[in-house]
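The sequence shown: position 110 = 110 (full-length UniProt numbering), numbered continuously.
Each residue gets a CB set at the ideal place from its N, CA and C atoms; glycine is no exception.
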Amino acid sequence: MRDTLYANVPFKLNEMTHHYGPNVHLVGNPFLLSQLATLCAKGTLQPQINRLVEQLYADLVKTVINAEFPRKMVTLPTRMIDSTPLGIYQGEVVDPQLRVVTVNIARAGTLPSQVTYDLLNFTVDPSLVRQDHIIMSRMIDAAQAVVGSEIGGAKIGGDVDDAFVLFPDPMGATGGSLSTAITLYKTKVPGRARRIITLNLIVTPEYLRRMTTEHPDVIIYALRLDRGLSPPEVFGTAPGLLWEKERGLDDRQYIVPGGGGFGEIMNNAYV
1 MRDTLYANVP
11 FKLNEMTHHY
21 GPNVHLVGNP
31 FLLSQLATLC
41 AKGTLQPQIN
51 RLVEQLYADL
61 VKTVINAEFP
71 RKMVTLPTRM
81 IDSTPLGIYQ
91 GEVVDPQLRV
101 VTVNIARAGT
111 LPSQVTYDLL
121 NFTVDPSLVR
131 QDHIIMSRMI
141 DAAQAVVGSE
151 IGGAKIGGDV
161 DDAFVLFPDP
171 MGATGGSLST
181 AITLYKTKVP
191 GRARRIITLN
201 LIVTPEYLRR
211 MTTEHPDVII
221 YALRLDRGLS
231 PPEVFGTAPG
241 LLWEKERGLD
251 DRQYIVPGGG
261 GFGEIMNNAY
271 V
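Following this line, the structure appears as structure tokens:
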């Protein structure tokens, strides 16, 4: 007899209520927020920094897989099949025949992308998983304010036709780098992606405005929203309700309360 218990496995994303639109997901997870708070704390140093980044991204990637990836029904003999013909599992699994590309935006995105790549290789057919690499730089003006981003080099391993394209980049600050990278994939890389998803640890209202304006099709997953430089009337309101007044970036485009420059602290390189 077929047991239908796992024929339609439910998964409900736990997320914060907001007004940024249906493609933005602010993940509500007390454990991950606790780990992120430790990561951002002033006294947290290497090697704890990178271990926390690895742990946070392992869980964030699993969240995205549960919420976004398609599934399929399987019938799999277990080890008990040698003892009984009933030793067969029937139920849903993540569809292993799924193309997935993770994009490393160096340098803050290097470790998160590697964590994502390794986990995907254990989840779907490894021959369908790829990691691409993009070297990007912020462009700043005389006052050290960020005025844009430029691509200095890229290693892109093929087309993205019908692929899930993931951008695991910790800090969604201005959105300039990610928007430029996504535009590259939309305009220069062959094929049409099945879905484009960003995976961020911290985002700002400014980042969300830019991404939802320039790439309204992109799906955003983030662990925390930082809007610490907003005026007093913003605090206590649902995120996005007073979006035009919300602010999370200082004059140098660093996130407040934030955690400093993640590319800097993860690589111990302050240039």
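*asked:* Helix, strand or coil, according to DSSP, for ASN267 in the structure here?
replied: If you number the sequence shown from 1, residue 267 lands on position 267. The answer is helix: DSSP assigns ASN267 an H, G or I state.
*For LYS155, the three-state DSSP class (helix, strand or coil)*: Locating residue 155 in the sequence shown gives position 155, where the first residue counts as 1. In the structure shown, LYS155 sits in a strand (DSSP, three-state: E or B).
*Beta-carbon contacts of ASP95 that lie in its chain and below 8 Å, excluding the five residues immediately before and after*: Taking the first residue of the sequence shown as position 1, residue 95 is located at position 95. Correct list, in chain order: PHE69, PRO70, ARG71, LYS72 and VAL124.
*Thinking just about the alpha-carbon of each residue, which of GLY152, VAL115, ALA163 and SER137 is nearest to the one in LEU128?*
Counting from 1 along the sequence shown, the entry for residue 128 is found at position 128. The shortest Cα separation from LEU128 among GLY152, VAL115, ALA163 and SER137 belongs to ALA163.
_Taking its Cβ as the centre, do 16 or more other Cβ atoms sit within 10 Å of HIS25, making it buried, or is it exposed?_
Locating residue 25 in the sequence shown gives position 25, counting from the first residue. Buried: at least 16 other Cβ atoms inside 10 Å.
*Around the Cβ of GLU246, are there at least 16 other Cβ atoms within 10 angstroms (buried) or fewer (exposed)?*
What you label residue 246 is simply residue 246 of the sequence shown in a count that begins at 1. Under this definition GLU246 is a buried residue.
*For the region 190-225, which segments carrying the alpha helix (DSSP H) assignment without a break, of at least 4 residues, lie completely within its bounds, in sequence order?*
205-214
*So is SER177 buried or exposed if we call it buried at 16+ other beta carbons inside 10 Å?*
Working through the sequence shown from its first residue, we reach residue 177 at position 177. Buried is the call here.
_Own chain residues within Cβ distance below 6 Å of LEU242, not counting five before or after_ = As a first step, residue 242 must be located in the sequence shown, where it is residue number 242. Answer for LEU242: VAL234, listed in chain order.
*asked:* Determine whether the beta carbon atoms of LEU32 and ASP59 lie at a separation below 7 Å.
replied: As a position in the sequence shown, residue 32 is number 32, starting the count at 1. As a position in the sequence shown, residue 59 is number 59, starting the count at 1. A contact, by the Cβ cut-off of 7 Å.
*Closest to THR38 by CA distance: which of PRO22, GLY21 and LEU56 is it?*
Within the sequence shown, residue 38 is the residue found at index 38, counting from 1. It is LEU56.
_Same chain, Cβ closer than 6 Å to VAL93, neighbours up to 5 away in sequence not counted_ = Within the sequence shown, the letter at position 93 stands for residue 93. These residues qualify, in order along the chain: VAL74.
*asked:* Less than 7 Å between the C-beta atoms of ILE105 and ALA181, yes or no?
replied: The sequence position of residue 105 within the sequence shown is 105, counting from 1. The sequence position of residue 181 within the sequence shown is 181, counting from 1. Cβ atoms of ILE105 and ALA181: closer than 7 Å.
*Whole-angstrom C-beta distance between ILE65 and THR78, which should lie under 8 Å*: Position 78 of the sequence shown holds residue 78. Position 65 of the sequence shown holds residue 65. At roughly 23 Å, the Cβ-Cβ gap does not stay under 8 Å, so THR78 and ILE65 are not in contact.
_Can you tell me where the alpha helix (DSSP H) holding ARG71 begins and where it ends?_
Looking up residue 71 in the sequence shown gives position 71. From DSSP, ARG71 is part of no alpha helix (DSSP H) but of the beta strand (DSSP E) over 71-77.
_Quick check: what's the CA-CA separation for GLY91 versus LEU76?_
Numbered from 1 along the sequence shown, position 91 holds the residue referred to as residue 91. Numbered from 1 along the sequence shown, position 76 holds the residue referred to as residue 76. Roughly 9 Å between the two C-alpha positions.
_Can you list, in chain order, the residues of its chain with a C-beta nearer than 6 Å to that of ARG130? Leave out the 5 residues immediately preceding and following it._
Position 130 of the sequence shown, counted from the first residue, corresponds to residue 130. VAL101 and GLY157.
*Between ASP159, PRO170, PRO205 and ARG107, which lies nearest to THR198 when the distance is taken from Cα to Cα?*
Residue numbering aside, residue 198 sits at position 198 when the sequence shown is read from its first letter. Of ASP159, PRO170, PRO205 and ARG107, the residue nearest in Cα terms is PRO170.
*Assuming ILE49 and MET266 form a contact by the criterion Cβ under 8 Å, report the distance between their Cβ atoms to the nearest whole angstrom.*
Taking the sequence shown and counting its residues from 1, one reaches residue 49 at position 49. Taking the sequence shown and counting its residues from 1, one reaches residue 266 at position 266. Contact holds; Cβ gap of about 6 Å.
*Can you check whether the CB of VAL27 is closer than 7 Å to the CB of LEU223?*
Position 223 of the sequence shown, counted from the first residue, corresponds to residue 223. Position 27 of the sequence shown, counted from the first residue, corresponds to residue 27. In contact: LEU223 and VAL27 (Cβ atoms closer than 7 Å).
*Since SER179 and ARG210 are thought to touch, with beta carbons under 8 Å apart, how far apart are those beta carbons, to the nearest angstrom?*
Numbered from its first residue, the sequence shown carries residue 179 at position 179. Numbered from its first residue, the sequence shown carries residue 210 at position 210. Right, their Cβ atoms sit about 6 Å apart.
*Give the secondary structure of PHE262 by DSSP, where H, G and I count as helix, E and B as strand, and everything else as coil.*
Along the sequence shown, read from residue 1 onward, the residue named residue 262 stands at position 262. Helix, per DSSP.
*asked:* Could you check whether LEU225 and PRO239 sit closer than 7 Å to each other, using their CB atoms as the reference points?
replied: Counted from its first residue, the sequence shown places residue 239 at position 239. Counted from its first residue, the sequence shown places residue 225 at position 225. For PRO239 and LEU225, yes; Cβs fall inside 7 Å.
*Rounded separation between LYS186 and LEU111 - CA only*: Along the sequence shown, read from residue 1 onward, the residue named residue 186 stands at position 186. Along the sequence shown, read from residue 1 onward, the residue named residue 111 stands at position 111. Distance between the alpha carbons of LYS186 and LEU111 is about 24 Å.
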